[in-house]
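Written below as structure tokens is the structure these notes are about.
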Amino acid sequence: MPLVEVTIAQGRSADQIRAMMHEVHEAVLRTVDTQPEHIRVIVREVPRTHWATGDLTIAEMKEQS
Numbered sequence: 001m002p003l004v005e006v007t008i009a010q011g012r013s014a015d016q017i018r019a020m021m022h023e024v025h026e027a028v029l030r031t032v033d034t035q036p037e038h039i040r041v042i043v044r045e046v047p048r049t050h051w052a053t054g055d056l057t058i059a060e061m062k063e064q065s
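Reading the sequence shown from the start, the letters are residues 1 to 65 in UniProt numbering.
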């Protein structure tokens, strides 16, 4: 039973998240020998203030640009 977990910064619309879930599901279905109902996709959204790269949060990076 494939389980795919995606962590993404908050800020996408519900439609964008749903479309991503669909595409991930389809990719797993194409590449792994399993039934569609066995595929699990979990999306975790992280506040942009709680995700840092190079000691800057995503929020801080956006402020600088």
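The beta carbon of each residue, even a glycine, is placed where N, CA and C say it ideally should be. These figures come from a predicted structure and were not determined experimentally.
By Cβ distance below 7 Å, which residues in the same chain neighbour residue 68 in space, the five residues on each side in sequence not counted? The requested residue 68 does not occur in the structure, where the chain is confined to residues 1 to 65.
Does DSSP put T31 in a helix, a strand or coil? For the purposes of this step, residue 31 is taken as the residue at position 31 of the sequence shown. In the structure shown, T31 sits in a helix (DSSP, three-state: H, G or I).
Just how far apart, CA to CA, sit A59 and E45? On the sequence shown, position 59 is the one that residue 59 refers to. On the sequence shown, position 45 is the one that residue 45 refers to. If I take the Cα positions, the gap works out to 14 Å.
Host beta strand (DSSP E) of I39 (start-end): In the sequence shown, residue 39 corresponds to position 39, counting from 1. Where I39 is concerned, there is no enclosing beta strand (DSSP E), given that its DSSP letter is neither H nor E.
Anyone know if the C-beta pair for R48 and G11 falls short of 8 Å? Residue mapping note: residue 48 aligns to position 48 of the sequence shown, counting from 1. Residue mapping note: residue 11 aligns to position 11 of the sequence shown, counting from 1. In contact: R48 and G11 (Cβ atoms closer than 8 Å).
For M61, the first and last residue of its enclosing alpha helix (DSSP H): Counting from one through the sequence shown, the residue named residue 61 turns up at place 61. Here the alpha helix (DSSP H) through M61 covers 58 to 64.
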